[in-house]
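Reading through the structure tokens given below for one structure.
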Amino acid sequence: MHLALSGLFRAKWSADVHEEWISNLLLKRRDLTRQQLERTRMLMDKHALDALVTGYEDLIPDLELPDPNDRHVLAAAIRGQAKVIVTMNLRDFPPDVLAPFGIEAQHPDHFVLRFLDLAPGAVVAAAQEHHQSLKKPIRTVLEYLETLERGGLTRTATVLRRHMT
């Protein structure tokens with residue numbers, strides 16, 4: 000979110016994407032409540048102007064993906080005129096299916112690294128802001144970077160380590 004607010008790109012998501020991340024996070028983090036995550040959702044929609052994509056549902060039935068439950072993501076990307084779908088789940092967004100829509104799927108690590116090459120100061124600043132915003136629990140910089148690594152942002156964490164420690 001801090002990177003999205005940097006202005007380096009225009010974030011796009013839908014109500015279905017929100018529901019998916021909220022549901023998945025509630026399964027993994029028993030210490031969080033739906034109410035807390037709904038507050039986060041509201042703040043995301045409030046601060047990332049024009050990020051919430053609507054009116055994509057009519058596209059869903061005509062889309063074909065390996066996992067039909069992911070069609071809402073592609074539909075929102077098409078309607079929101081996104082160029083990139085950022086996902087850990089690359090195999091469910093094949094290049095040959097996305098290419099006709101001018102969309103590419105990228106792993107989050109690759110996505111952030113691209114911006115680290117283009118605007119390292121902005122990405123480092125966003126990471127520092129994100130780290131400083133974490134209060135429960137408070138983490139050291141090294142703990143924060145280890146969390147990024149565990150979350151699949153291994154190369155990003157390696158680069159950030161040189162700037163943040």
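Reminder that position 23 of the sequence shown reads as 22 in numbering that gives the first Met the number 0, one-by-one numbering, no gaps.
A virtual CB, placed ideally from N, CA and C, is assigned to each residue, including glycine.
The structure displayed is predicted, hence computed values, not measured ones.
In the structure shown, Ile77 falls within a helical segment according to DSSP collapsed to helix, strand and coil. Three or more Cβ pairs drawn from the stretch 10-25 and the stretch 67-85 lie within less than 8 Å of each other, which places the two stretches in contact.
Counting other Cβ atoms within 10 Å of its Cβ, Gly79 reaches 16 or more and is therefore classed as buried.
One thing to note: His17 has its Cβ within 9 Å of the Cβ of Met43. Leu48 and Thr146 have their C-alpha atoms spaced approximately 28 Å apart. Assigned with DSSP and collapsed to three states, Ala98 falls in helix. Val96 and Glu63 have their alpha carbons spaced roughly 8 Å apart.
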